[in-house]
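Residue numbers (our numbering): 1 to 150.
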């Protein structure tokens, strides 16, 4: 026995009692519906909204430069994704409004990519390819843009 415990027992130190834990309440069982009362809810597709009318705004030509035509862009057009070159200061909302007003389609989403300028060297002359901003416009189902006439 240590000196401290002898002094403590001589003084008559009390041991602190731990509070009793409350017993957990029993969980209530959920009532189950009888098998005959279960109903199946069928989801009906939401009505398709018509495309907005074609109203070409003057700002559309200040935002969209040209459609980006490449092999990958033609494959993405099968998935309702169209690629445009846009001006550097254009944001996603402006691009969405410009495409919907210019082509009369409903735009679901817009993704933007900044392509950096690249240096090129041809023989002894060095130069650079200018950078640009590219936008991938995703249309809603049933919408289509005819960029290149067949």
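Here a beta-carbon is modelled for each residue, glycine too, at the ideal position from N, C-alpha and C.
- Message: Taking its Cβ as the centre, do 16 or more other Cβ atoms sit within 10 Å of residue 77, making it buried, or is it exposed?
- Response: buried
- Item | Residue closest to residue 100, alpha-carbon to alpha-carbon, out of 140, 113 and 115 | 140
- Query: Just curious, the alpha helix (DSSP H) that residue 97 is in, first and last residue?
  - Reply: 92-103
- Item | Cα-Cα separation between residue 105 and residue 144, rounded to whole angstroms | 7 Å
- Task: Between the Cα of residue 114 and those of 58, 75, 91 and 146, spot the shortest distance and give me the residue it belongs to.
- Result: 91
- Item | Span of the beta strand (DSSP E), counted from its first residue to its last, around residue 71 | Note, residue 71: premise wrong, no beta strand (DSSP E); alpha helix (DSSP H) at 71-77.
- With a threshold of 16 other CB atoms inside 10 Å of the CB of residue 95, please say whether the residue is buried or exposed. buried
- In whole angstroms, what separates the C-alpha of residue 70 from that of residue 88? 20 Å
- Message: I'd like to know whether the C-beta atoms of residue 83 and residue 138 end up nearer to each other than 8 Å.
- Response: no
- Task: Would you tell me roughly how many angstroms separate the C-alpha atoms of residue 128 and residue 67, rounded to the nearest one?
- Result: 22 Å
- Taking Cβ to Cβ, would you say residue 133 is nearer than 8 Å to residue 86? yes
- Shortest alpha-carbon distance to residue 61 belongs to which of 97, 81 and 72? 97
- Query: Who pairs with residue 68 in a beta bridge, going by DSSP?
  - Reply: Looking at the DSSP assignment, residue 68 forms no beta bridge with any residue, so it has no partner.
- residue 64 to residue 120, Cα distance in whole Å? 26 Å
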